[in-house]
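Remarks on the structure that follows.
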Amino acid sequence: MNATTQAPIVPTVDGGGLDALDEAARGRLFDDLQEALPEVWRRFGQADPRESVVVVPSMSVDNLTQSAGAMNQAMEERFLFMLLLLRQPRLRMVYVTSMPINEHIVEYYLSLLPGVIPSHARARLDLVSVGDSSPRPLTDKLLARPRVLSRIASLVTDPARSHLVPYTSTTRERDLALMLGIPMYAADPRLYPLGTKTGCRRIFAEAGVDHPFGAEDVHSVDDVVDAVLELHASRPGAQWAMVKLDEGVSGSGNALVDLTAVDAAAAAAAAAADPGGETAALRAVVTDRVLGMQLEDARIETGAYLGRLDERGGIVEERIVGDEVRSPSVQLRVTPLGELEILSTHDQVLGGPTGQMYLGARFPADPAYATTITREAEKVGRVLADKGVLGRFALDFVVVRRGEQWQTHAIEINLRRGGTTHPFLTLQFLTDGTYVHEEGRFVTPSGAERHLVATDHLEDETLRGMGVDDLFDLVARAGLHFDQSRQTGVVFHMISSITECGRVGMTAIGDTPDSAQDVFDRAESALLAEARASLAPLPVPLRGRLGEGLR
């Protein structure tokens, strides 16, 4: 491949283009394209005006529920922390979304840039929107619109100094990279199975990392029942089994099977119907429990869930319990030069009916187990790096305290940027700090520690009464901003969903865990108080004037 070509590498002879190529041919072209990435990486940040980053935050993930309208847009805008890269004085960026971004939101992020004139950064930023608010992934919308792709390609000054940054990596993002003619900083989609629930368990076993007892690659109700019976036989004290869709995200593909008193229920059923038939009765009881499993996402019907399980597969594993249970994560990356780096640890904040849905995070993770999960994550990271994984990924753990001891269990690999990525990178870009994983601390260049508390789920019906500008007005009046001099404060994200969805995200930064929580609590209280005040009844004279006008 000629790394200096200005045009996409996909052939267009006879109008065939990418559609004329089979998967094998696309894979070979992608391999050729990715050969340029190490050199792009080495050159990155050298103040070359030809350098470009194309950001496509497409939620190309398997999900039984899809977001549309403002929430779809807000999830794409969750990646806007990438604008902080424009602190590099010559870098150009193309940021792509389904719908146009409110210009005041763009101004808000550019105002956070340390030591950069916002107008200078804005001149180096190209915003491209498709004009399609449907729930389809952004990448699919782009691939269906060659003219939009041509416009994006025209904004890339030099493909040899540019790369694509997606949210996740599927064959669709690969095809997008091929159409644009620039390498992609993300895992090869051919490695996607490694990040499924079945793939995770196999990687954990290969790395020698503790993980819950269970079974992978289950597809049918019978498969689930067989796995639950095996779990019950091996772990007779287990009260819950978890079923997880292979490609579920943020806990929405999880379900719980109640195993309490299954033996007693089976014995009672056998005695009433067929003494001596305990085995068949136990299977019947477990089958009923599986069909009545509690889904984490109430929007999903059991029939649809089982249909997706049949189609895509899943796992069954023991639910870990103890005196105290937490769910920390470790972020890592493999650079285009093949280097494995430990980036951060977080304590995830979970919610939902059974406490399995991601709501937010605290950083860094509790020092009681932060270094332990880091060592385990590094083992997994080395296996993934050896298999060719590239880019950012995260490992989720369950840690359980029994007495004074914490035990760790790896449960998931996310081969993509996730819910802990944007808060951490926001902190890193704003402070130029570093996570010292051997000590479990994040320190700024001056040696000061920083901590954060973040959420994507600050939700309240009253927030629907506020607009984007109302939020920024509150930021100015209540001092809810990030203070560059003190390197503490609040950064909001997912701002465009505040009116339609009553939801916004934020990252609160402090110099201790308690101060970060205080910053978070103060911002949340101020925002909700403002939202509720906006719903107060109109003053009597104003109501009268409005009434007269209507008459």
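Taken in order, the sequence shown gives residues 301 to 851; the numbers are from my numbering.
Just so you know, even glycine gets a beta-carbon here, dropped at the ideal spot from N, CA and C.
Quick test of your reading: residue i and residue j, contact by CB under 8 Å. State the CB separation rounded to the nearest angstrom.
i, j, result
"residue 782", "residue 412", "6 Å"
"residue 723", "residue 695", "Contact flag wrong, Cβ pair sits at about 17 Å."
"residue 650", "residue 627", "6 Å"
"residue 476", "residue 356", "7 Å"
"residue 816", "residue 774", "With 8 Å as the limit, residue 816 and residue 774 do not qualify as a contact, their Cβ atoms being about 20 Å apart."
"residue 609", "residue 545", "6 Å"
"residue 370", "residue 797", "5 Å"
"residue 465", "residue 396", "Rounded, the Cβ-Cβ distance is 10 Å, inconsistent with contact."
"residue 659", "residue 643", "Not a contact, Cβ separation roughly 21 Å."
Assuming residue i is part of the beta strand (DSSP E), what are its boundary residues?
i, result
"residue 705", "705 to 714"
"residue 663", "657 to 663"
"residue 626", "624 to 626"
"residue 795", "Element bounds for residue 795: n/a, residue is neither H nor E."
"residue 347", "No beta strand (DSSP E) holds residue 347; DSSP gives it neither H nor E."
"residue 517", "514 to 518"
Would you list the one or two residues that DSSP bridges to residue i?
i, result
"residue 642", "632"
"residue 741", "736"
"residue 395", "355, 427"
"residue 415", "Answer by DSSP bridge pairing: none, since residue 415 is not bridged."
"residue 462", "352"
"residue 595", "555"
"residue 755", "660, 806"
"residue 724", "DSSP, once it has assigned bridges, lists no residue as partnering residue 724."
"residue 702", "705"
"residue 749", "743"
To the nearest angstrom, how far is the alpha carbon of residue i from that of residue j?
i, j, result
"residue 510", "residue 377", "36 Å"
"residue 319", "residue 762", "48 Å"
"residue 731", "residue 406", "20 Å"
"residue 652", "residue 328", "43 Å"
"residue 486", "residue 421", "25 Å"
"residue 505", "residue 428", "43 Å"
"residue 524", "residue 489", "28 Å"
"residue 481", "residue 425", "20 Å"
"residue 513", "residue 540", "12 Å"
"residue 805", "residue 479", "33 Å"
"residue 648", "residue 641", "21 Å"
"residue 615", "residue 554", "10 Å"
"residue 473", "residue 586", "41 Å"
"residue 788", "residue 391", "26 Å"
"residue 757", "residue 433", "21 Å"
"residue 415", "residue 387", "7 Å"
"residue 712", "residue 518", "17 Å"
"residue 772", "residue 759", "17 Å"
"residue 364", "residue 549", "Confidence at residue 364 is low in this model, with a pLDDT of 49, below 50, so the placement of that residue should be treated as unreliable; the coordinate-derived value is given next. In a straight line, the C-alpha of residue 364 is about 10 Å away from that of residue 549."
"residue 342", "residue 528", "50 Å"
"residue 740", "residue 636", "25 Å"
Need the endpoints of the alpha helix (DSSP H) that residue i sits in, please.
i, result
"residue 523", "521 to 534"
"residue 409", "403 to 410"
"residue 615", "Taken as a continuous stretch (DSSP letters only), residue 615 belongs to no alpha helix (DSSP H), being part of the beta strand (DSSP E) at 614 to 618."
"residue 477", "471 to 480"
"residue 375", "369 to 377"
"residue 852", "This structure gives no information on residue 852, because the portion of the chain shown stretches from 301 to 851."
"residue 830", "813 to 833"
"residue 499", "497 to 507"
"residue 327", "323 to 334"
Less than 7 Å between the C-beta atoms of residue i and residue j, yes or no?
i, j, result
"residue 589", "residue 557", "yes"
"residue 710", "residue 693", "no"
"residue 624", "residue 535", "no"
"residue 559", "residue 689", "no"
"residue 676", "residue 645", "no"
"residue 596", "residue 542", "no"
"residue 791", "residue 780", "no"
"residue 471", "residue 360", "no"
"residue 699", "residue 735", "no"
"residue 566", "residue 582", "yes"
Just checking: is the beta-carbon of residue i within a distance shorter than 7 Å of some beta-carbon in chain B?
i, result
"residue 374", "Of the protein chains in this structure there is only one, and it is not chain B."
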